[in-house]
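Take a look at the structure set out below.
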Amino acid sequence: MRKIINSTYISLDGVIENPQNWTSAYFQDEAAAYARDLLFSCDAILMGRATFDGFSQAWPAMEEATGDFGVRMNNLPHHVVSDSLNKPGWGDTRVIRRADAVAEITKLKEQDGQDILQYGFGAVTRTLVDNGLLDELRLWIHPVIVGTGDPAELLTRADFSATFELAGTRSFKTGVIVATYTPAAK
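First residue of the sequence shown? That's 282 in this note's numbering, and the numbers climb one at a time after it.
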């Protein structure tokens with residue numbers, strides 16, 4: 282069975298929104314190699330609508346600057362959980378309606394292939410956690426306090442809790458630590 286691996290950038294104060302504004306100084310060769318290895322170990326991407334909107338606008342123009350990473354990002358199958366997206370217009374994109382998400386993602390995990398990568402942390406991740414579908418949570422902890430306090434920008438959400446076990450860590454010279462967690466047994 283394929284695993285679903287969530288990869289999320291987070292600041293010391295829990296901010297996950299707009300990482301393009303606060304992560305670039307920390308994304309050096311080590312982090313790039315780690316991100317590349319993660320992307321190439323997967324053969325599908327799962328995301329929510331907000332992440333899809335950002336990625337589908339940015340990545341098509343980034344192939345030249347990012348080489349095979351950008352080519353892979355643009356050409357992997359994308360699975361987007363959304364009730365409002367009708368014409369995705371970015372490569373091989375399949376829309377999964379929210380009401381069908383658990384059944385469809387379960388089927389996706391049961392297919393042959395490499396693991397499935399999920400970027401961002403929001404309603405789709407909560408659905409995965411609540412239904413036992415998330416296999417790994419990789420938090421890229423950045424040594425920066427962003428300073429925003431809007432609950433929509435933070436990792437935590439009201440009425441959501443989960444327990445995880447540390448599966449491993451990786452640190453980079455820039456001070457970024459990737460902490461890999463697996464859901465704790467209930």
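Glycine included, each C-beta is placed from N, C-alpha and C at the ideal position. Keep in mind that this is a model prediction, so the values were computed, not measured.
Counted within 10 angstroms of its Cβ, other Cβ atoms place residue 432 as buried (16 or more) or exposed: By one-based count along the sequence shown, residue 432 stands at place 151. Result: exposed.
Determine the burial state of residue 448: buried for a count of at least 16 other Cβ atoms within 10 Å of its Cβ, exposed for fewer.
For the purposes of this step, residue 448 is taken as the residue at position 167 of the sequence shown. By the 10 Å Cβ count, residue 448 comes out exposed.
Q.
Need the endpoints of the beta strand (DSSP E) that residue 448 sits in, please.
A. On the sequence shown, position 167 is the one that residue 448 refers to. Run containing residue 448: 445 to 452, per the beta strand (DSSP E) assignment.
If you measure between the beta carbons of residue 400 and residue 288, is that distance less than 7 Å?
Residue mapping note: residue 400 aligns to position 119 of the sequence shown, counting from 1. Residue mapping note: residue 288 aligns to position 7 of the sequence shown, counting from 1. Cβ distance < 7 Å, so residue 400 and residue 288 count as in contact.
Taking only the alpha-carbon atoms, compute the straight-line gap between residue 415 and residue 300 and give it to the nearest angstrom.
For the purposes of this step, residue 415 is taken as residue 134 along the sequence shown, with counting starting at 1. For the purposes of this step, residue 300 is taken as residue 19 along the sequence shown, with counting starting at 1. Whole-angstrom Cα-Cα distance: 22 Å.
- Message: Would residue 281 and residue 457 qualify as a contact pair, given that the criterion is a beta-carbon distance under 7 Å?
- Response: Not covered by the structure: residue 281. The range shown for the chain is 282 to 467.
Supposed close pair residue 365, residue 317 - CB separation, criterion 8 Å = As a working note, residue 365 is residue 84 in the sequence shown. As a working note, residue 317 is residue 36 in the sequence shown. Between residue 317 and residue 365 the Cβ distance is about 32 Å, and since that is not below 8 Å, they are no contact.
Point to revise | N-terminal and C-terminal residue of the alpha helix (DSSP H) that residue 352 is part of | key: Walking along the sequence shown from the start, residue 352 turns up at place 71. Note, residue 352: alpha helix (DSSP H), 349 to 356.
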